[in-house]
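Q: So the number in this note's numbering is just where the residue sits in the sequence shown, counting from 1, plus 31.
All residues carry an ideal CB built from backbone N, CA and C; glycine is no exception.
The model shown is predicted, which means the values in this text are computed figures rather than measured ones.
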Amino acid sequence: MSTDTIQSLRIFLTQQLRDVEEDIETIGRYISCNPSETTGELLKLRELQRKYREIAASIKNEIVKLG
Numbered sequence: 032m033s034t035d036t037i038q039s040l041r042i043f044l045t046q047q048l049r050d051v052e053e054d055i056e057t058i059g060r061y062i063s064c065n066p067s068e069t070t071g072e073l074l075k076l077r078e079l080q081r082k083y084r085e086i087a088a089s090i091k092n093e094i095v096k097l098g
């Protein structure tokens, strides 16, 4: 891959990482400000947050691989 392509991918992935991290924070704020009516709802939100953290970790790994 050319240096320009790698740089473009790095920029793209960095933006995607920011977006995912923002979503993680948004879910956390929602949980804090809107107490769920059921334990099931809270568990679903926590699971969604966990999945987003996994996505963020994957994106970080790909950025590292690019060098």
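Give me, in chain order, the residues of the same chain whose beta-carbon lies closer than 7 Å to that of residue 91; leave out the 5 immediate sequence neighbours on both sides.
A: On the sequence shown, residue 91 is found 60 positions in, with the first residue counted as 1. Hits under 7 Å: 48.
Q: Looking at C-alpha atoms only, which residue of 88, 98, 84 is the closest neighbour of residue 57?
A: By one-based count along the sequence shown, residue 57 stands at place 26. For residue 57, the nearest C-alpha among the options comes from 84.
Q: Distance, Cα to Cα, residue 38 vs residue 94?
A: As a working mapping, residue 38 is identified with position 7 in the sequence shown. As a working mapping, residue 94 is identified with position 63 in the sequence shown. C-alpha separation (whole angstroms): 10 Å.
Q: In this structure, how does DSSP classify residue 71 when only helix, strand and coil are distinguished?
A: As a working note, residue 71 is residue 40 in the sequence shown. Note: residue 71 maps to helix in three-state DSSP.
Q: What residue range is occupied by the uninterrupted alpha helix (DSSP H) comprising residue 59?
A: Position 28 of the sequence shown holds residue 59. Looking at the DSSP string, the run of the alpha helix (DSSP H) that includes residue 59 is 34–64.
Q: Give the straight-line distance between the Cα atoms of residue 51 and residue 76, rounded to the nearest whole angstrom.
A: Translated into the one-based positions of the sequence shown, residue 51 becomes position 20. Translated into the one-based positions of the sequence shown, residue 76 becomes position 45. Spanning the two alpha carbons is a distance of roughly 15 Å.
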